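Residue numbers (the numbering used here): 7 to 227.
Reading through the structure tokens given below for one structure.
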């Protein structure tokens with residue numbers, strides 16, 4: 007089977023470098039945690055609107071989910087504003103915003119869990135097992151954030167740093183495997199070229215007729 011060159015390993019290494027750089031930057035510049043968190047919440051909210059409206063059959067289901075999305079969007083926009091203002095002005099974030107950050111995250115996780123379980127239990131919306139267990143974990147995370155007294159954005163910075171380092175390490179490892187295959191492909195090309203050169207060297211270099219050997223002549227009795 008003919009191998010084809012792949013440069014996916016290079017893209018994975020670039021993504022690994024970006025991921026690790028972003029994780030380290032957010033760890034050392036806490037203001038970015040507000041900004042990134044807000045962007046994630048806003049994007050998650052906006053991209054859910056159209057699929058939910060199209061797929062939910064009951065009006066009450068659409069209403070409940072849209073209310074959740076609106077609150078999530080507003081809280082995400084607030085986080086973006088706080089992070090942007092802090093970065094733009096160069097001032098440290100007021101401690102009160104750390105509490106707002108904590109309760110914002112808790113609300114997003116808890117609201118997602120409550121809406122899901124209310125929809126499946128009382129409004130009889132069908133679901134899959136994986137979604138059921140995922141929302142149990144989501145609800146538990148929200149409750150944990152709410153219960154932790156000293157929880158603030160620095161905890162998320164640590165979490166994002168760990169995730170970025172683990173993700174970057176995996177991309178580097180996977181990219182190294184791809185680079186190894188790429189080198190095997192390059193070695194195969196060079197080997198074929200070397201064989202082709204050797205064959206050319208073995209070909210006769212003259213067009214002069216070769217003298218006929220006695221063994222090749224027909225025997226006449």
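Quick reminder that beta carbons are idealized off the backbone N, C-alpha and C, glycines included.
Because the structure is a prediction, the values reported are computed rather than measured.
Asked, Found
"Residue 89 - DSSP class collapsed to helix/strand/coil", "helix"
"Contacting residues, own chain, Cβ-Cβ under 8 Å from residue 67 (five flanking each side not counted)", "125, 129, 131"
"At least three beta-carbon pairs within less than 8 Å, the region 21-33 to the region 182-193", "no"
"Assumed close pair residue 188, residue 15 - CB separation to whole angstroms, cut-off 8 Å", "6 Å"
"First through last residue of the alpha helix (DSSP H) which encompasses residue 135", "135-153"
"Beta-carbon proximity list for residue 83, same chain, < 8 Å, skipping 5 on both sides", "44, 48"
"Contact under 9 Å by Cβ, residue 58 with residue 80", "no"
"Assumed close pair residue 18, residue 167 - CB separation to whole angstroms, cut-off 8 Å", "Not quite, the Cβ-Cβ distance comes to about 20 Å (not below 8 Å), so this is no contact."
"CB of residue 75 within 9 Å of CB of residue 51, strictly", "yes"
"Nearest-angstrom Cα separation, counted from residue 95 out to residue 116", "33 Å"
"Rounded distance between the beta-carbons of residue 40 and residue 99, thought under 8 Å", "7 Å"
"Exposure of residue 114, with buried meaning 16 or more beta-carbon neighbours within 10 Å", "buried"
"Residue 69 versus 121, 194, 111, residue with shortest Cα-Cα distance", "121"
"Reduced DSSP category for residue 52 - H, G, I as helix; E, B as strand; rest coil", "helix"
"Spatial distance of residue 137 from residue 53 (CA atoms)", "18 Å"
"For residue 13, the three-state DSSP class (helix, strand or coil)", "coil"
"Closest residue to residue 108 among 161, 118, 37, 65 (Cα-Cα distance)", "161"
"Straight-line Cα distance separating residue 42 from residue 105", "17 Å"
"Residue burial classification, residue 23 (beta-carbon count within 10 angstroms, cutoff 16)", "exposed"
"Three-state secondary structure (DSSP) of residue 97", "coil"
"Candidates 35, 179, 154, 55: closest to residue 89 by CA position", "35"
"Supposed close pair residue 157, residue 151 - CB separation, criterion 8 Å", "6 Å"
"Between the CA atoms of residue 175 and residue 147 - distance to the nearest angstrom", "26 Å"
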